[in-house]
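Working notes, structure below.
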Amino acid sequence: MADENCSICGRTAVFYSAYLKQNLCKKHFEHMVFRRIRAAFASNGLKAKDCSLPRGNSAPAGMIRFLFKDSKGGGIRLQTNTLEDFAVSVMEYFAFSKKPNISVNSKGTFSPLYTTSEKEIAAFLDLKGINFHEKKRKGLDAELLGILEDIEKRRPGGMLSIVKIGRTLGLI
Ligand SMILES: [Zn+2]
2 MADENCSICG RTAVFYSAYL KQNLCKKHFE HMVFRRIRAA FASNGLKAKD CSLPRGNSAP
62 AGMIRFLFKD SKGGGIRLQT NTLEDFAVSV MEYFAFSKKP NISVNSKGTF SPLYTTSEKE
122 IAAFLDLKGI NFHEKKRKGL DAELLGILED IEKRRPGGML SIVKIGRTLG LI
């Protein structure tokens with residue numbers, strides 16, 4: 002990464018997005034993350050300022066608290082589930098008929114990171130100098146995530162497609 006330049010502005014890149022096929026500098030990486038999360042809110046008809054923040058010290062919670070520090074503690078409780086969490090849930094449904102127990106937007110909660118991967122979250126927090134704890138998965142969840150990461154490597158955006166199918170079918 003050290004020798005790569007941002008595909009947009011030519012500054013030193015800090016992140017390679019396989020999905021966008023772009024190297025991104027700090028500024029454009031952060032823009033990409035903000036844009037994605039804004040789009041997640043907009044497509045669910047929500048406003049970030051009306052949300053209250055999650056507890057805990059996982060990487061997703063840290064990222065949400067950083068991004069939404071001005072939110073007002075309104076009626077919608079933000080959840081820390083990530084793209085990986087939802088992709089694993091949808092895979093569990095297809096492979097084992099296990100009904101997902103997380104949802105993107107229901108019962109006064111919303112998961113603003115459902116289209117953001119944990120690699121992006123880790124990179125984002127790292128650039129802010131914020132410590133984080135990686136999510137640990139065991140057993141079936143860990144195996145399914147391994148399969149999903151393989152799919153993602155062969156076809157960047159594959160995990161997002163699986164999550165979108167899950168949304169279309171009303172699973173998550
Ligand atoms: Zn740039």
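Residue numbering for the sequence shown follows the working numbering, starting at 2 and increasing by one per position. Don't be surprised by glycine CBs; every beta carbon is placed ideally from N, CA and C.
Distance, Cα to Cα, residue i vs residue j?
i: residue 106; j: residue 5; result: 38 Å
i: residue 169; j: residue 97; result: 19 Å
i: residue 141; j: residue 172; result: 19 Å
i: residue 80; j: residue 113; result: 7 Å
i: residue 109; j: residue 102; result: 15 Å
i: residue 121; j: residue 26; result: 13 Å
i: residue 138; j: residue 89; result: 11 Å
Would residue i pass as a contact of residue j if the rule is Cβ separation under 7 Å?
i: residue 157; j: residue 40; result: no
i: residue 47; j: residue 111; result: yes
i: residue 64; j: residue 125; result: yes
i: residue 153; j: residue 159; result: yes
i: residue 84; j: residue 118; result: yes
i: residue 34; j: residue 87; result: no
i: residue 44; j: residue 23; result: no
Assuming residue i and residue j make a contact with CB atoms under 8 Å, what is their CB distance in whole Å?
i: residue 150; j: residue 60; result: No, residue 150 and residue 60 are not in contact; Cβ-Cβ is about 17 Å, not under 8 Å.
i: residue 12; j: residue 116; result: That pair is no contact at about 25 Å.
In chain order, what residues of the same chain have a beta carbon less than 6 Å from the beta carbon of residue i, not counting five sequence neighbours either side?
i: residue 93; result: 99
i: residue 131; result: 63
Any idea which residues DSSP pairs residue i with across the strands?
i: residue 23; result: 18
i: residue 132; result: Answer is none; residue 132 lacks a bridge partner.
Give every residue of the same chain whose Cβ lies closer than 8 Å to the Cβ of residue i, excluding the five residues on either side of it in the sequence, and list them in chain order.
i: residue 31; result: 125, 128
i: residue 51; result: 72, 73, 75, 76, 77
Go through its chain and collect everything with a Cβ distance to residue i's Cβ below 7 Å, but skip five positions before and after it.
i: residue 54; result: 65, 66, 69, 72, 79
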